[in-house]
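For reference, the structure discussed in these notes is given below.
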């Protein structure tokens, strides 16, 4: 029972961490909090559904869905955010709200306002048993996928030239441009990564629920935003720490709160967030410095 | 002529930072741009590098009009700015700072060879190769900023206040190095508040005041001119 809860907690934390990282990467480079991040998740969910309906095998469908999330993020930047480059933080924020609302309406009217069932393979809903312990396959896969994604991202940011340029751009974007590295390439890569992470998170989210609906991305991305703020907005290690912390606290409260107090879980979590920010206004692991172009 | 700036004008909101600057730099020379704080020196460099938009005027490098190009496009043409305050990437190692300097200009093998040249030229950077830039002293950071700008084998370097905030002994080291770079054929436009030092090293100099060129000539002529002696050299 306890082992099961811990697995669930880490698994939920991993999803929040992936989403919070996506928000943090974009914020660290362009200074934009992308409220349309949730719609990237939703879009990946629908892409998975469509790919499965067209009869693609499950792994291929997942690949298609995650790629759709990444490409949609790049397209979003190209269409909506690039024309706004250099605009104020408020204008960027409003633009992202507009993109978010627009996509939600497209999903509602173009597909359906009601949840659509996604046929997940049977083995994903199974469970392992070790003596008395029962551990779900879904949450275990979720933990492995999150861990691999975090390691891959870390390697990319540390080892590759573009990754190094992105870390530099989070510190001082203009000097990166003085090195001859195009601003557009850095920004497009930031969105590509955030879309990839949102796509992966969507797969893990859908795997637990086996359905997609137009508002699917709202709650997890709201949580991820909270995680990113608690961790230190724009700080990538902070986003990961915040994501895991939030996921673990949510599941543990869910498991331990008496039934009478359980409805107040989110209120208790958010009070915790306020307490953290009172003590550490810059978050748990503050961003080094964010200088915008 | 390698670089020419014609009738450059820069405004920040209501404030006219540069009223009119004309200058020309020949291949292989050091031109010093001197003047008091707020005379428009850094703004001029910023406009050449593409960081600061010009209201009007023209910047021509190697016969090509580069006015209004993005900073990355100008850098690719071979103009490299070492910005005021060094602005090294504090969270990145010395090695990564250097790597970014050559990222778009060189192939992987060229970059390794060039990095080796830079480490020969700046031995201190070899010692701190794996140290984060933010942990270096001011002088070491200035060396790193110059080495990073040189990584991409630029044809011309714009140096903005390389002596700022450095101990006198380090200033000498940095200026010896600038002289050596010039001997190796690099073209340099140097902005410096320390006028005596700038005139020692430069071939020609241009004096800016209130966003306008008030005097220009060879460094020797300016060092003996009454205006410069009274206003900047305290004689």
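Protein chains in written order, with the working numbering: chain A, -16 to 276; chain B, 400 to 634. Every residue gets a Cβ at the ideal spot worked out from N, C-alpha and C, and that includes glycine.
- prompt: Just checking my contact of residue 152 of chain A with residue 144 of chain A at CB under 8 Å: how many whole Å lie between their CB atoms?
  reply: The count along the first chain starts at 1 and reaches residue 152 of chain A at position 169. The count along the first chain starts at 1 and reaches residue 144 of chain A at position 161. In fact, because the Cβ distance is near 12 Å, the residues do not count as touching under 8 Å.
- prompt: Can you name the start and end residues of the beta strand (DSSP E) that residue -1 of chain A belongs to?
  reply: In the first chain, residue -1 of chain A corresponds to position 16, counting from 1. First-last for residue -1 of chain A: -15 to 13, but that is the alpha helix (DSSP H), not the beta strand (DSSP E).
query: Taking 9 Å as the CB-CB cut-off, is residue 61 of chain A touching chain B?
result: As a working mapping, residue 61 of chain A is identified with position 78 in the first chain. Not one chain B Cβ lies under 9 Å of residue 61 of chain A.
task: Assign residue 406 of chain B to one of two classes, buried (16 or more other C-beta atoms within 10 Å of its C-beta) or exposed (fewer than that).
output: Counting from 1 along the second chain, the entry for residue 406 of chain B is found at position 7. Exposed: under 16 other Cβ atoms inside 10 Å.
query: Any idea what DSSP makes of residue 243 of chain A, helix, strand or coil?
result: Position 260 of the first chain holds residue 243 of chain A. Residue 243 of chain A falls in the coil class under three-state DSSP.
- prompt: Cβ of residue 263 of chain A less than 9 Å from any chain B Cβ?
  reply: Residue 263 of chain A sits at position 280 when you count from the first residue of the first chain. Not one chain B Cβ lies under 9 Å of residue 263 of chain A.
- prompt: How would you label residue 80 of chain A, buried or exposed, when you count the other beta carbons within 10 angstroms and need 16 or more for buried?
  reply: In the first chain, residue 80 of chain A corresponds to position 97, counting from 1. It is exposed - the Cβ of residue 80 of chain A has fewer than 16 other Cβ atoms within 10 Å.
- prompt: From A/156, A/162, A/119 and A/134, pick the residue whose C-alpha is nearest to that of residue 553 of chain B; which is it?
  reply: The sequence position of residue 553 of chain B within the second chain is 154, counting from 1. For the residues A/156, A/162, A/119 and A/134, the minimum Cα distance to residue 553 of chain B belongs to A/162.
query: Quick one: any contact between the segment 487 to 497 of chain B and the segment 529 to 546 of chain B, if contact means 3 or more CB pairs under 8 Å?
result: yes
task: Mind listing the chain A neighbours of residue 504 of chain B? Cutoff is C-beta to C-beta under 8 Å, in chain order.
output: In the second chain, counting from the first residue as 1, residue 504 of chain B sits at position 105. Within 8 Å Cβ-Cβ: 163.
message: Determine, for residue 137 of chain A, whether the minimum Cβ-Cβ distance to residues of chain B falls below 9 Å.
response: In the first chain, the residue the question calls residue 137 of chain A occupies position 154. Cβ-Cβ to chain B under 9 Å: no for residue 137 of chain A.
field: chain B residues whose Cβ lies nearer than 8 Å to that of residue 142 of chain A
entry: In the first chain, residue 142 of chain A corresponds to position 159, counting from 1. Within 8 Å Cβ-Cβ: nothing; residue 142 of chain A doesn't reach chain B, min ~10 Å.
field: Within chain A, the residues that residue 471 of chain B reaches when beta carbons sit closer than 7 Å
entry: For the purposes of this step, residue 471 of chain B is taken as the residue at position 72 of the second chain. Neighbours of residue 471 of chain B on chain A, chain order: 160, 163, 164, 165 and 166.
- prompt: Going straight from the alpha carbon of residue 625 of chain B to that of residue 166 of chain A, what length do you get?
  reply: Translated into the one-based positions of the second chain, residue 625 of chain B becomes position 226. Translated into the one-based positions of the first chain, residue 166 of chain A becomes position 183. Looking at the two C-alpha atoms, the distance is approximately 47 Å.
task: Tell me residue 411 of chain B's beta-bridge partners as DSSP assigns them.
output: Here the question's residue 411 of chain B lines up with position 12 in the second chain. Residue 411 of chain B pairs with B/414.
message: Which residues of the segment 545 to 556 of chain B have a Cβ closer than 7 Å to any Cβ of chain A? Give them in chain order.
response: 551
message: Check this for me: beta carbons of residue 100 of chain A and residue 193 of chain A, under 9 Å apart or not?
response: Walking along the first chain from the start, residue 100 of chain A turns up at place 117. Walking along the first chain from the start, residue 193 of chain A turns up at place 210. Yes, they are a contact pair.
task: List the residues of chain A whose Cβ lies closer than 7 Å to the Cβ of residue 490 of chain B, in chain order.
output: As a working mapping, residue 490 of chain B is identified with position 91 in the second chain. Per Cβ cutoff of 7 Å: 150, 154 and 271.
query: Can you tell me whether residue 0 of chain A is buried or exposed, with buried defined as 16 or more other CB within 10 angstroms of its CB?
result: For the purposes of this step, residue 0 of chain A is taken as the residue at position 17 of the first chain. Residue 0 of chain A comes out buried.
message: Checking the sheet assignment: what are the DSSP bridge partners for residue 531 of chain B?
response: For the purposes of this step, residue 531 of chain B is taken as the residue at position 132 of the second chain. DSSP lists B/492 as partners of residue 531 of chain B.
- prompt: Which chain B residues are close to residue -9 of chain A, counting only those with a beta carbon under 8 Å from its beta carbon?
  reply: For the purposes of this step, residue -9 of chain A is taken as the residue at position 8 of the first chain. By Cβ distance, chain B contributes nothing, its closest Cβ being about 35 Å from residue -9 of chain A, past 8 Å.
- prompt: Looking at the structure shown, is residue 249 of chain A part of a helix, part of a strand, or coil, going by DSSP?
  reply: Within the first chain, residue 249 of chain A is the residue found at index 266, counting from 1. Three-state result, residue 249 of chain A: helix.
query: Where does residue 559 of chain B fall in DSSP's three states?
result: Locating residue 559 of chain B in the second chain gives position 160, where the first residue counts as 1. Three-state result, residue 559 of chain B: strand.
query: Straight-line CA distance for residue 491 of chain B to residue 623 of chain B?
result: The residue labelled residue 491 of chain B in the question sits at position 92 within the second chain. The residue labelled residue 623 of chain B in the question sits at position 224 within the second chain. So the two alpha carbons sit approximately 45 Å from each other.
- request: Note down, in chain order, every chain B residue with its Cβ under 9 Å from the Cβ of residue 157 of chain A.
  value: Here residue 157 of chain A corresponds to residue number 174 of the first chain, with the count starting at 1. Near residue 157 of chain A (Cβ distances below 9 Å), the residues of chain B are 450, 470, 482 and 486.
query: Counting only beta-carbon atoms, is residue 147 of chain A nearer than 9 Å to chain B?
result: Taking the first chain and counting its residues from 1, one reaches residue 147 of chain A at position 164. Yes - at least one Cβ of chain B is within 9 Å of the one on residue 147 of chain A.
Start and end residues, alpha helix (DSSP H) containing residue 213 of chain A: Along the first chain, read from residue 1 onward, the residue named residue 213 of chain A stands at position 230. Start and end: 201 to 214.
field: Distance, residue 607 of chain B Cα to residue 157 of chain A Cα
entry: On the first chain, residue 157 of chain A is found 174 positions in, with the first residue counted as 1. On the second chain, residue 607 of chain B is found 208 positions in, with the first residue counted as 1. Their backbone Cα atoms lie some 26 Å apart in a straight line.
- prompt: Quick one: what does DSSP say residue 168 of chain A is sitting in, helix, strand or coil?
  reply: Residue numbering aside, residue 168 of chain A sits at position 185 when the first chain is read from its first letter. Residue 168 of chain A falls in the helix class under three-state DSSP.
Min CB distance residue 268 of chain A to chain B below 9 Å: The residue you call residue 268 of chain A lines up with position 285 of the first chain. Chain B, which has no Cβ nearer than 9 Å to the Cβ of residue 268 of chain A, makes this no.
- request: State yes or no: is the C-beta of residue 56 of chain A within less than 9 Å of the C-beta of residue 181 of chain A?
  value: Taking the first chain and counting its residues from 1, one reaches residue 56 of chain A at position 73. Taking the first chain and counting its residues from 1, one reaches residue 181 of chain A at position 198. Yes.
query: Between which two residues does the alpha helix (DSSP H) harbouring residue 34 of chain A extend?
result: Taking the first residue of the first chain as 1, we reach residue 34 of chain A at position 51. Note, residue 34 of chain A: alpha helix (DSSP H), 20 to 36.
query: So does the segment 48 to 55 of chain A actually touch the segment 15 to 27 of chain A, counting three or more Cβ pairs closer than 8 Å?
result: yes
message: Is residue 275 of chain A close to chain B? Criterion is C-beta to C-beta, closer than 9 Å.
response: Numbered from its first residue, the first chain carries residue 275 of chain A at position 292. Per-residue confidence for residue 275 of chain A stands at a pLDDT of 41, beneath the threshold of 50, marking its modelled position as unreliable; no derived number is given.
- prompt: Between residue 610 of chain B and residue 442 of chain B, is the Cβ-Cβ spacing less than 9 Å?
  reply: Taking the second chain and counting its residues from 1, the one referred to as residue 610 of chain B is at position 211. Taking the second chain and counting its residues from 1, the one referred to as residue 442 of chain B is at position 43. Yes; because the gap between Cβ atoms is below 9 Å, this pair is in contact.
message: Taking a contact to mean a Cβ-Cβ separation below 9 Å, would you say residue 592 of chain B touches residue 569 of chain B in this structure?
response: Within the second chain, the letter at position 193 stands for residue 592 of chain B. Within the second chain, the letter at position 170 stands for residue 569 of chain B. For residue 592 of chain B and residue 569 of chain B, no; Cβs fall outside 9 Å.
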